[in-house]
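Numbering (the numbering used here), first residue to last: 762 to 953.
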């Protein structure tokens with residue numbers, strides 16, 4: 762079941778969904794507030810992970826975790842707060858959300874998960890914010906990695922702190938059995 766904004770507020774207030782920095786619930790009557798009727802907008806973080814140019818390699822996920830591989834094959838760059846970062850057509854980078862998300866698993870209380878989706882304003886100019894990995898599992902604690910690709914014909918300038926994606930929250934039914942995750946606790950675009 763997808764949560765309405767009032768149910769998102771309740772879950773935040775009750776500590777079943779933890780977001781840091783916390784979204785401003787009091788800004789609801791202002792244009793540009795992060796809450797929609799069934800989602801919460803999240804902001805772009807201040808770091809990019811860019812594939813190293815002209816380096817011949819192929820990804821083989823059977824040879825170890827992807828996080829350590831990405832750290833070797835990508836370069837981390839801060840996003841300039843004033844000038845932003847220009848994502849050229851056809852280019853791909855990783856980034857993460859400014860917000861850290863935590864879905865605690867509680868005994869006897871509700872548990873939540875979410876899906877990260879793009880925002881229509883960016884989608885209409887060709888920006889994809891995730892490929893095939895929208896799920897944020899119950900128990901997750903960390904920033905959300907964004908897989909940014911410009912499918913448009915023109916460059917897109919991205920700034921840290923801009924609302925770039927949205928979370929759609931869902932209530933989890935049934936008992937949760939924890940499984941290991943290489944991305945648990947991540948704070949970088951590559952993971953960990």
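Glycine included, C-beta positions come from ideal geometry on N, C-alpha and C. For clarity, every value in this text was computed on a predicted model and none was experimentally measured.
The Cβ-Cβ distance between residue 843 and residue 804 does not fall below 9 Å. Residue 903 and residue 944 do touch by the CB rule: their CB atoms are close to 7 Å apart, below 8 Å. In this chain, residue 775 is not harboured by any beta strand (DSSP E); it is covered by the alpha helix (DSSP H) spanning 766-775.
Residue 764 counts as buried, since at least 16 other C-beta atoms from the protein chains shown sit within 10 angstroms of its C-beta. When DSSP assignments are scanned along the region 819-891, the uninterrupted stretches of alpha helix (DSSP H) that are 4 or more residues long and fall wholly within it turn out to be 827-834, 881-884. Relative to residue 856, the option among 834, 837, 907, 850 whose CA is nearest is 907. Between the region 894-903 and the region 867-875 there are three or more inter-stretch CB-CB distances shorter than 8 Å, so the stretches are counted as touching. Here residue 846 is actually not in contact with residue 901; their C-beta atoms are around 26 Å apart, not less than 8 Å. Between the alpha carbons of residue 837 and residue 949 lies a distance of about 9 Å.
In the DSSP assignment, residue 806 falls within the unbroken beta strand (DSSP E) covering 801-812. Taking residue 880 as the centre and dropping the five residues before and after it, the same chain places the C-beta of 802, 924, 925, 926, 927 closer than 7 Å to its C-beta, in chain order. Here the alpha carbon of residue 776 sits roughly 42 Å from the alpha carbon of residue 819. Here the alpha carbons of residue 781 and residue 862 stand approximately 7 Å from one another. Annotation for residue 910: 853, 889 place their beta carbon closer than 6 Å to its own, counting only its chain and skipping 5 residues before and after.
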